[in-house]
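Those letters in the sequence shown? Residues 201 to 509, per my numbering, in order.
See below for the structure under consideration.
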Amino acid sequence: MSKNNGKGGKGEFEFPQPAKKQTFSQMIYDPQDGTFFGRTGKSWSQLMLFYTIFYIVLAALFTICMQGLLSTVNDDEPKWKLHDSLIGTNPGLGFRPLSEQTERGSVISFDGKKDAESDYWIGLIDDFLREYNHTEGRQMQHCSFGQARNHSDVCVVNIDLFGSCSKANNYGYKTNQPCIFLKLNKIYGWEPQVYEEEQKGMPDDLKKVINETKKEERQQIWVSCNGHLGKDKEHFENIRYFPTQGFPSYYYPYQNQKGYLSPLVAVQFNSPPKGQMLDVECRAWAKNIHYSGSARDRMGSVTFQVIVD
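Right, dumping it as structure tokens:
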């Protein structure tokens, strides 16, 4: 086949020549060209120098950006708080013991006569309360209602006041009278606006407790537990709360104090029905804790199930 040589004449067209076949050893090192994996020593040196400089510059830029970001972060308090934060201002209510086996969900099922079953839940509570039992070296003080204190002070959570929900009583699981521990999620800077008088919608037992409590001791986030969706209410006439039926307000606000422990309320079910699921809803009561019992958007409450075989 011919081609134009640019001078009006014709020349021979040169087809591309196939690459020279190489052995595997020649692909690694070709003594004829002096290449190692297709590159000369000089070419490899230039390539390594380029990537060395490239990654040094990249690491330097990353370090500068990270230092700039960290300079805006406060180790002691979040930049965005309460209404400005994604967490918001409505603390959630949680419970323990909570099984690590996800298939159990929120069901607490056991037979106190079977040590393996009761010991499982006792062990979970032991783990949960471990930091409450070991407070050595923490700067904590015993707080009380009406006592003046600084927000930086950390109040003791006295587990000796849990009564029959104590470790000595196996938290009631050996006698089929289980104790459930309730706690509010921590929100930085949040302070409760408490109810000092009974409110419409409160269960009768809570109204009675409020009315029988001294005025200065009503500074609490009240707690009530009843049948979920109005069920099984006849089984909630014999439950007890320790140490009180609420979270004292002197534990708040949480401001990331060193050694801070969330207050707890222990709820004991003294006569749960045998072989029947008890569907429980516990609710926190305060002016600035909004309540919703919706399964999709639950607020200010928690549900769990108790089965005593």
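Beta carbons are placed, not taken as given, at the ideal position from N, Cα and C, and that holds for glycine.
These numbers were taken from a predicted model, which means no experiment stands behind them.
Where does A486 fall in DSSP's three states?
A486: coil per DSSP, three-state reduction.
Taking a contact to mean a Cβ-Cβ separation below 7 Å, would you say L384 touches P443 in this structure?
no
Specify the secondary structure class of V357 as computed by DSSP and reduced to three states.
coil
Quick test of the definition: if touching needs 3 or more C-beta pairs under 8 Å, does the segment 433-447 touch the segment 469-486?
yes
Are V502 and L293 closer than 7 Å when you measure CB to CB?
yes
Do the segment 303-312 and the segment 384-401 make contact, defined as three or more Cβ pairs closer than 8 Å?
no
If you draw a straight line from the alpha carbon of A316 to that of K408, how long is it in whole angstroms?
Cα to Cα, A316 sits roughly 39 Å from K408.
For V465, the residue or residues it bridges with in DSSP:
L382
In whole angstroms, what is the alpha-carbon distance linking S202 and P216?
Note that S202 scores 49 on pLDDT, short of 50, meaning its location in the model is unreliable and no value can be drawn from it.
So what does P426 bridge to, in DSSP terms?
It is Asn, not Pro, that sits at residue 426 in the sequence shown. Beta-bridge pairing links N426 to E481.
Does the beta-carbon distance from G500 to I507 come in below 7 Å?
no
Which two residues bound the contiguous alpha helix (DSSP H) that contains R330?
315-333
State the Cα-Cα distance for the pair Q246 and R239, rounded to the nearest angstrom.
10 Å
Can you give me the start and stop residues for the alpha helix (DSSP H) that G288 sits inside?
Note, G288: premise wrong, no alpha helix (DSSP H); not H, not E.
How is Y373 classed by DSSP in three states: helix, strand or coil?
helix
Starting from the Cα of Y460, find the closest Cα among E417, M340, K242 and give me that residue.
M340
At the level of alpha carbons, what is the spacing between Q267 and F295?
39 Å
Exposure label - F504; buried when at least 16 CB within 10 Å
buried
Quick one: grab the DSSP three-state call for R304.
helix
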